[in-house]
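Using my numbering, the first residue of the sequence shown is number 235, and each one after it goes up by one. For glycine and all other residues, C-beta sits at the position ideal for the given N, C-alpha and C. Quantities reported herein were computed from a predicted structural model and do not represent experimental measurements. Notes follow the structure.
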Amino acid sequence: MVNFSPSILSADFSRLKEEIESVKDAKYLHLDIMDGRFVPNITYGPMVIEAIRPYSEQIFDTHLMIVEPEKYIEDFAKAGSDIITVHVEATDHVHRAIQMIKANGCKAGVTLNPATSLSTIENIIDDVDLILIMSVNPGFGGQNFIPQMLDKVKKLNQMIQKSKTETLIEIDGGINFNNIKEIVDAGVDIVVSGSAIFKGIPQENLNKFRKILEG
Ligand code: DX5
Ligand code: ZN
Numbered sequence: 235m236v237n238f239s240p241s242i243l244s245a246d247f248s249r250l251k252e253e254i255e256s257v258k259d260a261k262y263l264h265l266d267i268m269d270g271r272f273v274p275n276i277t278y279g280p281m282v283i284e285a286i287r288p289y290s291e292q293i294f295d296t297h298l299m300i301v302e303p304e305k306y307i308e309d310f311a312k313a314g315s316d317i318i319t320v321h322v323e324a325t326d327h328v329h330r331a332i333q334m335i336k337a338n339g340c341k342a343g344v345t346l347n348p349a350t351s352l353s354t355i356e357n358i359i360d361d362v363d364l365i366l367i368m369s370v371n372p373g374f375g376g377q378n379f380i381p382q383m384l385d386k387v388k389k390l391n392q393m394i395q396k397s398k399t400e401t402l403i404e405i406d407g408g409i410n411f412n413n414i415k416e417i418v419d420a421g422v423d424i425v426v427s428g429s430a431i432f433k434g435i436p437q438e439n440l441n442k443f444r445k446i447l448e449g
């Protein structure tokens with residue numbers, strides 16, 4: 235079964251608590267951390283995660299779009315993250331970063347920009363809990379889904395099946411009511427969605443996604 239990870243990047247930050255409560259029946263909550271260096275945008279840090287932690291029982295799915303992620307893994311774990319995902323392009327030592335995430339008591343994820351080959355994770359597929367396929371270039375909400383990423387998801391599924399791991403596949407960027415069906419059919423476990431959920435009434439949008447998937 236597919237689960238949703240609403241991204242608060244597109245939420246109204248002046249009413250963050252209410253926005254989070256409106257998507258509380260999604261299993262995950264996606265937290266986009268941007269540093270203005272790895273991506274051309276800046277968002278928020280561990281302080282915000284710590285502040286919202288008491289208002290949600292969801293699995294906090296922290297997506298680090300920052301250079302030298304090792305420096306901040308402990309802070310994001312302490313703030314209340316359950317999963318921490320690092321970009322393979324953001325560190326020379328992905329394996330070390332994964333070990334650090336686990337040592338800090340979190341599930342470890344790795345993520346790949348659209349142009350990054352799946353071969354970059356071939357040797358660590360058994361070590362991670364989650365692989366996040368970026369279906370837009372990271373940095374902003376509301377961009378268009380890159381269709382070639384469907385094939386990437388299918389190939390990743392084959393790699394996971396071969397290695398017999400339980401690794402989850404997550405997809406992030408440009409998912410909307412028109413493309414959700416084929417994306418889920420390609421074989422993903424977690425769907426991130428920012429603008430499609432938070433534009434309008436979040437709870438209704440989540441239900442609309444679920445209805446489309448039910449057929
Ligand atoms: C983009 C972020 C996404 C973003 C998705 O860099 O990683 O999580 O919030 O937003 P939508 O769903 O609007 O593409
Ligand atoms: Zn994200």
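| Item | Value |
| --- | --- |
| Cα-Cα separation, residue 396 to residue 383 | 20 Å |
| Heavy atom of the ligand ZN within 7 Å of residue 426 beta-carbon | yes |
| Reference residue 315; option with closest CA among 321, 306 and 323 | 306 |
| Spatial neighbours of residue 361 in its chain, beta-carbon cut-off 6 Å, leaving aside the 5 residues before and after | 332 |
| Proximity test, residue 370 beta-carbon vs the ligand DX5 heavy atom, cut-off 7 Å | yes |
| Inside the stretch 315-401 only - alpha helix (DSSP H) runs reaching at least 4 residues | 328-337 and 383-397 |
| Cβ-based burial, residue 363 [other Cβ within 10 Å; buried from 16] | buried |
| Close Cβ partners of residue 423 (< 6 Å) along its chain, the five nearest in sequence each way excluded | 402 and 403 |
| Sequence-distant residues of the same chain with beta carbon closer than 8 Å to residue 416, five excluded per side | 384 |
| Cutoff 7 Å; reference residue 245; Cβ partners in own chain excluding five residues on either side | 253 and 432 |
| Residues sharing a beta bridge with residue 238, DSSP | 425 |
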